[in-house]
Amino acid sequence: SPNPPLPGRQEIRAFRTLQEMTEKRGEWMQGMIDIHCHILQGLDDGPRTLQESVEMCKAAIQDGIRTIVATPHTLNGVYQNHRATILSSIQELKSALRRPSAALMPPVPFDGLNDLKILPGADVHFSEKVLDLLEEGKALTIGDRGKYLLLEFPAQGVPYRAEVALFELLTRGITPIISHPERNQEFIRRPQRYGEMIQNGSLGQVTAMSLTGGFGEKVRHLAEKMLNARWIHFIASDAHSLEDRPPVLSEGVRKAEKFVGKEEAHKMVNDYPRAILEGRAPKFPPPAKGL
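Read left to right, the sequence shown gives residues 48 to 338 (the numbering used here).
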């Protein structure tokens with residue numbers, strides 16, 4: 048096959064920028080895992096085109112992310128992305144990332160876009176029938192391993208019987224990961240209800256932008272309190288685009304360090320997500336009874 052073209056000035060400048068970002072960020076932030084990312088093209092309110100998806104992947108790599116769980120909205124009354132659709136879209140994106148034209152820049156201190164893992168998942172809208180939907184292939188667990196489910200409650204509230212459905216999932220060996228609880232109006236009004244879900248075995252994922260103030264001071268303050276109480280186990284981007292909600296974790300991780308320490312913040316984007324993707328149960332700090 049023909050040799051790849053030599054890098055031009057623009058690529059060399061970008062490479063130097065990446066080197067500077069890597070040195071500033073520190074080695075420990077390399078290899079981060081994002082378990083909640085709307086990276087797939089045309090499936091929901093994330094990227095509209097394949098090229099936009101590729102550009103988001105480039106941004107993720109520049110931030111130190113090496114694994115993305117693709118989590119399109121599903122079963123929310125607008126988007127009905129079933130397992131087969133998600134798996135097919137991931138293959139399309141992977142093929143695009145392998146094309147020479149998609150390369151981040153030559154040379155790079157890693158394999159560039161070929162080094163980025165894209166794994167299946169879904170941002171599953173809550174339903175009392177979620178177990179049935181999983182069995183029918185209409186909902187997808189994280190990594191398609193059947194162990195952990197990213198679950199999104201309606202933004203304005205949490206259904207009355209939600210705890211029953213969470214309990215049923217847990218008894219079947221499926222652990223719910225409640226996405227962005229700090230942004231849910233019910234949990235903002237009644238954070239203790241969310242805390243009881245955590246004490247009963249569910250897990251929590253905070254959005255990185257919530258910690259940097261991207262969703263307002265009220266949300267940021269609640270996110271910080273949830274971190275302090277050990278009610279949060281994962282930091283994820285919930286990225287939808289390059290402009291408004293980019294695939295960036297590092298800034299949120301730095302904010303989290305102030306509340307849980309550097310080691311624990313690191314685990315939220317490395318050790319803990321890696322464990323669940325391997326089907327293992329991470330050992331989390333015990334949650335507090337209240338905020």
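For glycine and all other residues, C-beta sits at the position ideal for the given N, C-alpha and C. None of these values were measured; they are calculated from a predicted model.
Residue closest to residue i, alpha-carbon to alpha-carbon, out of the options
i	options	result
I245	E210, E310, A131 and K305	E210
D162	P201, I108 and Y207	I108
E99	T254, K305 and L87	L87
V295	T114, F234 and R95	T114
D81	P167, E182, Q239 and P334	P167
I137	I165, I279, L213 and G251	I165
P320	A270, E182 and A283	A283
D110	C84, I133, R146 and G78	G78
V316	A270, G326 and V253	V253
Y207	T132, F173, G251 and E183	F173
V352	G326, L198 and K272	Residue 352 cannot be examined here, being either before or after the span of the chain that is shown, 48 to 338.
Where the beta strand (DSSP E) through residue i begins and ends
i	result
Y195	Y195 to E199
I82	M79 to C84
L166	K164 to P167
Endpoints, the alpha helix (DSSP H) within which residue i is located
i	result
K105	L97 to Q109
P238	P238 to Q246
V316	V316 -> no alpha helix (DSSP H), and no H or E assigned at all.
T132	R130 to R145
V177	V177 to E182
A186	Premise fails: A186 is in no alpha helix (DSSP H) and is neither H nor E.
L87	Element bounds for L87: n/a, residue is neither H nor E.
Residues near residue i by beta carbon distance below 6 angstroms, same chain, minus five either side
i	result
V155	For V155, the predicted structure reports a pLDDT of 41, less than 50, and the residue's modelled location is therefore unreliable. A value from the coordinates is still provided. So no residue of the chain qualifies.
P332	R277
L216	P223
T64	Because T64 sits at a pLDDT of 49, beneath the cut-off of 50, its placement in the model cannot be relied upon, and the following sentence gives the value as read from the coordinates. Hits under 6 angstroms: none found.
Y241	P228 and F234
Which of helix, strand or coil DSSP assigns to residue i
i	result
R113	strand
A283	strand
K309	helix
L250	strand
H268	helix
L122	coil
L289	coil
I323	helix
V295	coil
T218	helix
P329	coil
A335	coil
S257	helix
Neighbourhood of residue i by C-beta, 7 angstroms cutoff - its chain only, sequence neighbours within 5 removed
i	result
R301	none
V127	In the sequence as displayed, the identity of residue 127 is Gln instead of Val. Here the set comprises T121.
R292	M256, D285 and A286
Spatial neighbours of residue i in its chain, beta-carbon cut-off 8 angstroms, leaving aside the 5 residues before and after
i	result
H280	I224, L250, G251, Q252, M315, Y319, P329 and F331
Any non-hydrogen atom of the ligand MN within 8 angstroms of residue i CB
i	result
E311	As presented, the structure is devoid of all ligands, the ligand MN included, so that no description of it is given.
Give a yes or no on contact between the stretch 194-201 and the stretch 219-235, applying the rule of three or more CB pairs nearer than 8 angstroms. In short, these stretches touch, since the Cβ pair count reaches three.
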